[in-house]
Every structure is written in C-alpha cells, then in structure tokens.
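J.: What the sequence shown shows, in the working numbering, is residues 15 to 194, in sequence order.
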Amino acid sequence: MVDPHRILISERRIHRRVAQLARAIDRHYAGRSLVVAGVLNGSFMFLADLLRKLKTPSEVEFLAASSYGSGTRSRGRVTFDRRRKFPVKGREVLLVDDILDTGLTLRALTGFLRRQEVSSLEICVLLRKRMRRTGAIRPRFIGFDVPDRFVFGYGLDLAGRFRNLPHIACHREKPSRRPA
Ligand code: IMP
Ligand code: MG
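(1) With burial defined as no fewer than 16 other Cβ atoms inside 10 Å of the residue's Cβ, what is the status of residue 131: buried or exposed?
(2) How long is the line joining the alpha carbons of residue 91 and residue 125, rounded to whole angstroms?
(3) If I follow the unbroken alpha helix (DSSP H) through residue 60, where does it start and stop?
(4) Rounded to the nearest angstrom, what separates residue 71 and residue 136 at their Cα positions?
(5) Give the secondary structure of residue 160 by DSSP, where H, G and I count as helix, E and B as strand, and everything else as coil.
(6) Residue 29 by DSSP, collapsed to three states: which one?
(7) Does DSSP put residue 45 in a helix, in a strand, or in coil?
(8) Around the C-beta of residue 57, are 16 or more other C-beta atoms found within 10 angstroms, so that it is buried, or is it exposed?
(9) Compare the beta carbon distance of residue 183 and residue 19 with 7 Å and say whether it is the shorter of the two.
(10) Any heavy atom of ligand 2 within a distance shorter than 6 Å of the CB on residue 160?
(11) Tell me, to the nearest whole angstrom, how far the beta carbon of residue 38 is from that of residue 67; I am working on the premise that it is less than 8 Å.
(12) Residue 56: beta carbon under 6 Å from a heavy atom of ligand 2?
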C-alpha cells in the first residue's frame with residue numbers, strides 16, 4: 015500500500031524549474047564543455063531530465079555516495095568509492111545531487127574532486143533544506159528550497175521506496191491532538 019503523502023512540488027513545477035536550471039548552466043558554461051558528475055542514487059531522475067535540456071557539450075560520470083542508512087536520520091558519515099578512476103583532471107566539473115541537507119555528502123565529494131585537480135567545480139542541487147547550515151557548501155544552481163522535513167519521490171527515496179514518483183512528496187502532517 016502507498017503511504018498517505020502530500021505533493022510538495024508537482025511534476026509540472028519540477029519540469030519548468032529543471033528547464034530554467036539548464037538555461038542558467040548553459041549561460042554559465044557558454045563556449046566551454048563540461049563533465050557532469052551525478053551523485054547516485056538520488057540524483058538519477060533529475061540528472062536525466064537536466065541533461066536532456068542542457069546544450070553545453072557534456073560528458074557524464076557517476077559517483078555513488080551514501081550518508082543515510084535505511085532510515086531517515088543521517089549517519090553522520092559518507093561512504094563512496096574513492097578508488098574508482100575518475101577522469102576529471104583539468105576539466106570543468108558540475109556536481110549534481112538531489113538534495114543538500116547537512117552538506118556532509120557534498121563536502122566529502124567536493125574534497126575528493128578537488129584532489130583530482132579539476133579546473134573548476136560547481137554544484138547543482140534540485141533541493142535545499144532551508145533551515146540547514148551547510149557551511150562552506152554553496153551550490154551555484156539550486157532548484158527549490160524545501161522545509162526541513164523528509165521528502166521523497168523524483169529519485170529521492172524513503173527507506174528505498176518511492177524513487178519512481180514523478181513529483182516530490184512528504185508525509186501528511188499528523189492531525190494535532192487537542193489538549194485534554
Ligand atoms: P547530507 O550529506 O546530509 O547533505 O545528505 C545528503 C544526502 O542524503 C542526499 O544526497 C540524499 O541522498 C539524502 N537525503 C537527505 N535528506 C533527504 C530527504 O529529505 N529525502 C531523501 N533523501 C535525503
Ligand atoms: Mg544522495
């Protein structure tokens with residue numbers, strides 16, 4: 015059974031915003047070429063839609079990272095495969111992730127990429143949790159600010175499920191209890 019959830023960002027709004035982001039990225043990289051590095055798993059749907067709209071000549075790479083277990087609480091550490099050959103030396107890299115929450119994942123990945131001596135590095139996230147203090151991580155391209163709640167759909171999962179929803183959803187608020 016599908017959990018009762020509420021649509022936070024509709025499919026239509028997502029597609030409109032993704033097209034705007036692609037135009038902004040094209041303007042930023044005008045006359046240059048890119049390596050777009052997608053953070054798996056959460057960014058796969060966003061990345062696929064974004065790439066279809068992008069006119070900048072782009073190669074695509076993937077990094078698999080995880081900072082969450084099967085629940086909704088960050089484990090406070092990031093794991094990813096550092097040994098993989100990642101041909102980005104001297105390249106302009108756009109790191110694409112689904113959501114900026116604590117910034118831990120993107121901090122680890124930007125550190126890794128900088129050590130590969132990329133010539134430039136920018137970040138594009140579909141979502142940013144508004145209340146978070148993410149320190150040094152400042153994405154140049156941001157789709158939507160969302161409330162500090164767990165969201166899912168359009169690539170993002172809730173304990174492994176709901177990645178295939180075409181919209182971004184969150185759980186329905188529980189009805190507040192009246193004081194006795
Ligand atoms: P951070 O390292 O805390 O910034 O977490 C980033 C990663 O955790 C994202 O790339 C997501 O995969 C996952 N994540 C964080 N918040 C959510 C959420 O609300 N829904 C689904 N995944 C999330
Ligand atoms: Mg992720």
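Quick reminder that beta carbons are idealized off the backbone N, C-alpha and C, glycines included.
T.: Looking at the atomic coordinates:
(1) exposed
(2) 14 Å
(3) 58-67
(4) 16 Å
(5) strand
(6) helix
(7) coil
(8) buried
(9) yes
(10) no
(11) The pair is not a contact, with the Cβ atoms about 11 Å apart (cut-off 8 Å).
(12) yes
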